[in-house]
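Position 37 (the sequence shown) corresponds to 184 in the numbering used here; numbering is contiguous.
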Amino acid sequence: MDNIYEEIRLIDNILQAEDFIRLRIQAGFVEIPVEHARKALRNGLMNVSAIYNGELVGMGRLVGDGAMYWYLQEIIILPQFQRKGIGTMIVNHLVDYARENSATGKFTTIGGVSAKGKEPFYEKMGFEVISNGIKKMIEIE
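Pasting the structure below:
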């Protein structure tokens with residue numbers, strides 16, 4: 148399972164509330180009610196699921212205004228699949244989506260809150276660690 152990077156498929160907007168909750172719990176986050184998860188998924192801008200051998204092993208969500216401000220939420224990879232490049236794939240996919248769908252024509256900001264101790268992951272990807280999370284300014288060409 149060391150070199151699974153090429154076998155991972157990213158699929159947009161298929162995440163179900165029950166899977167969202169399951170991944171959160173398995174990654175050590177607080178359980179949330181299923182209706183809460185459904186509403187969060189419905190109101191988000193987009194989500195992406197990482198699939199390996201038919202199994203959901205990771206996820207990420209984008210929330211925000213869909214123009215100038217985008218926020219990464221719940222970048223979650225199952226513990227046994229961490230450190231295999233899946234989180235990087237998910238973040239890059241979400242950043243690319245924000246870049247392609249920004250309506251400003253000049254710049255956009257992508258922010259988020261990093262789980263404690265995960266800041267170096269985001270710094271390697273060009274995010275700046277700030278007092279209340281992370282951010283990355285992107286020029287739109």
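All C-beta atoms, glycine included, are put in the ideal place defined by N, C-alpha and C.
In three-state DSSP terms, what is residue i?
| i | result |
| --- | --- |
| residue 158 | strand |
| residue 271 | helix |
| residue 210 | strand |
| residue 236 | helix |
| residue 174 | coil |
| residue 181 | helix |
| residue 262 | coil |
Any beta carbon from chain B within less than 8 Å of residue i's own beta carbon?
| i | result |
| --- | --- |
| residue 241 | Note that chain B does not occur in the displayed structure, where there is just one protein chain. |
Select from the options the residue whose C-alpha is nearest the C-alpha of residue i.
| i | options | result |
| --- | --- | --- |
| residue 263 | 175, 241, 227 | 175 |
| residue 152 | 186, 200, 171, 169 | 200 |
| residue 186 | 282, 286, 162 | 162 |
| residue 206 | 228, 212, 216 | 228 |
| residue 267 | 208, 217, 178, 230 | 230 |
| residue 300 | 234, 218, 217, 223 | As displayed, the chain neither begins before 148 nor continues past 288, which places residue 300 out of reach and without an answer. |
| residue 253 | 226, 239, 215, 265 | 215 |
For residue i, count the other beta carbons within 10 Å of its own beta carbon; 16 or more makes it buried, fewer makes it exposed. Which is it?
| i | result |
| --- | --- |
| residue 196 | buried |
| residue 233 | buried |
Measure the beta-carbon distance from residue i to residue j and round it to whole angstroms, keeping in mind my assumption that it falls under 8 Å.
| i | j | result |
| --- | --- | --- |
| residue 259 | residue 220 | 7 Å |
| residue 281 | residue 246 | With a Cβ gap of about 17 Å, residue 281 and residue 246 do not count as contacting. |
| residue 275 | residue 283 | 7 Å |
Looking only at its chain, what residues have a beta carbon closer than 8 Å to the beta carbon of residue i, apart from the 5 residues adjacent to it on each side?
| i | result |
| --- | --- |
| residue 181 | 164, 165, 168 |
| residue 292 | Residue coverage of the chain in this structure runs from 148 to 288, which leaves residue 292 outside it and unanswerable. |
Can you find the residues in the same chain that come closer than 6 Å, C-beta to C-beta, to residue i, ignoring five residues on each side of it along the sequence?
| i | result |
| --- | --- |
| residue 213 | 192 |
| residue 217 | 209, 211, 245, 257 |
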